[in-house]
Amino acid sequence: MGKTTNRSISALQSSENQQNIPLRKSPVKCPTCHAEINLCHYLEEGESFRWSPEEIRFHTGEKQKCFSSDLKAPQPMHSEKKVCKCIECGMSFNRSPELKRHERIHTGEKAYKCPECGKPFRRNEHLQVHQRIHTGEKPYICEECGKSFSRSSNFKVHQRRHSGEKPYSCKKCGKCFTQSSDLQVHQRIHTGEKPYKCKECGKGFSRSSNFRRHQLSHSGEKQYSCAECGKSFCWSSDLQVHQQIHTGEKPHQCNECGEKFSRKANLVVHQQIHIGEKPYICEECGRSFSQIANLVIHQRIHSGEKSYADK
């Protein structure tokens, strides 16, 4: 006979009176360790006893963590049998709500709609995050600089700027990034992948931002004009950079030598001088360059194409 564990049943008895569910007081044997307990538990008529894997398991004696401390919702304990199966892909789940949430991936159902703008979402937690756009709520605050964020993911990425952490590294050249998305875009330098294709001219782009910028060149739309000289731009960011010509502002400073730049891209190129990084590699001869423009000029040696200076 297995070891018996005694436990007060008064608390469960009071709960039973509220639920009107039959109270079982006979000993129950653990199918794994064969110990017996004299705990009361709730069962529907004719239902067999099952253990719960999600609640705190225990019993006193040599074998620990076998029995549930709260047996009001009996479930399998020692083996987490997954009984709910998706008919589309065969994936199994412990609970039907988990299965229903998974099935929305296949059906495309978005049951949760934003009352403000009507945008639908598959999961309620995604809707709650979205609603912060309308409420302006930003619960994640950086202790270093005080900047706040509506999404925890954006907050974590921001914190890496202070810590200097770059957990995502390129296997080809070793360059590290704070975000996995930045690494994915960077890897296209090595693979040559350009997933964004212009329907007008067929030109391909590795970055969606460059693709959108290119599309405006076909439409000719330049809605952002400089108040100083009247020059127009497709993007507000381009206008802001242009205005630094008039103001003389150079907000991007090199930590190594103190040189300042009006464009962040120019700073990034400059920093490669200090670190010696040359990510742009010629496929013909293997020579590497810190700037892609220099690689393009170099490749004319192999192609026989004349530079503008030679024409």
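The opening residue of the sequence shown carries number 2 in the numbering used here; numbering runs sequentially from there. By construction, the Cβ of each residue, glycine as well, lies at the ideal position given by its N, Cα and C atoms.
Using 9 Å as the threshold, is the C-beta distance between Lys232 and His243 below it? Cβ atoms of Lys232 and His243: closer than 9 Å.
Quick check on Ser151: does DSSP put it in helix, strand or coil? In the three-state reduction of the DSSP assignment, Ser151 falls in the coil class.
Three-state secondary structure (DSSP) of Glu263: In the sequence as displayed, the identity of residue 263 is Ser instead of Glu. It is coil, neither helix nor strand.
Between Cys118 and His135, is the Cβ-Cβ spacing less than 9 Å? It is a contact, given that the beta carbons lie within the stated cut-off.
Strand pairing of Gly221, partner residues [DSSP]: Its beta-bridge partners do not exist; DSSP assigns none.
Using the C-alpha atoms, what's the distance from Arg96 back to Pro124? Reading the sequence as shown, one finds Arg at residue 124 and not Pro. Their Cα atoms are separated by approximately 16 Å.
Run through DSSP, which three-state label would Ser233 get? It is a strand residue.
Do Tyr169 and Ser181 have their C-beta atoms closer together than 9 Å? Cβ atoms of Tyr169 and Ser181: closer than 9 Å.
Span of the alpha helix (DSSP H) around Val1: Any answer about residue 1 is impossible in this case: the structure gives the chain only from 2 up to 312.
Cβ pair Ser210, Tyr225 closer than 9 Å: Taking a C-beta distance under 9 Å as the contact criterion, Ser210 and Tyr225 do not qualify as a contact pair.
Please tell me whether, using a cut-off of 8 Å, the distance from the CB of Gly147 to the nearest non-hydrogen atom of the ligand GTP is below it. Of ligands this structure carries none, so the ligand GTP is not represented either.
At what residues does the alpha helix (DSSP H) containing Ile190 begin and finish? Ile190: member of the alpha helix (DSSP H) spanning Ser181 to Thr192, first to last residue.
Answer yes or no: do Lys195 and Phe206 have a C-beta to C-beta separation smaller than 9 Å? Against a cut-off of 9 Å, the Cβ pair of Phe206 and Lys195 comes out as a contact.
How should Ser304 be labelled, buried or exposed, when 16 other C-beta atoms within 10 angstroms of its C-beta is the threshold for buried? Taking all protein chains shown into account, Ser304 has fewer than 16 neighbouring C-beta atoms within 10 Å of its C-beta and is therefore exposed.
Return the residue from the list Arg301, Gln300 and Gln272 that minimises the CA-CA distance to Ser291. Checking every option, the nearest Cα to that of Ser291 belongs to Gln272.
From Asn256 to Arg189, what distance separates their C-alpha atoms? Cα to Cα, the separation comes out at about 28 Å.
Within 10 angstroms of its Cβ, does Ser164 collect 16 or more other Cβ (buried), or is it exposed? Ser164 should be labelled exposed.
What is the DSSP secondary structure of Gln241, counted as helix, strand or coil? The answer is helix: DSSP assigns Gln241 an H, G or I state.
By the 10 Å Cβ neighbour count, where 16 or more other Cβ atoms means buried, how is Cys235 classified, buried or exposed? With 16 or more neighbouring CB atoms inside 10 Å of its own CB, Cys235 falls in the buried class.
Select from Lys172, Glu89, Phe122 and Ser151 the residue whose C-alpha is nearest the C-alpha of Arg133. Comparing Cα positions, the closest option is Ser151.
For Ile106, report the span of its alpha helix (DSSP H) as first-last. From DSSP, the alpha helix (DSSP H) with Ile106 extends over Ser97 to Thr108.
So Lys148 and His131 are supposed to be a Cβ contact under 8 Å. How far apart are they, rounded? Contact doesn't hold; Cβ gap of about 20 Å is too wide.
Could you check what DSSP says for Ser93 in three-state terms: helix, strand or coil? Strand.
Cβ-based neighbour list, Glu315, same chain, cut-off 6 Å, excluding 5 preceding and 5 following: For the chain, the structure presents residues 2 to 312; residue 315 sits outside this window and is missing.
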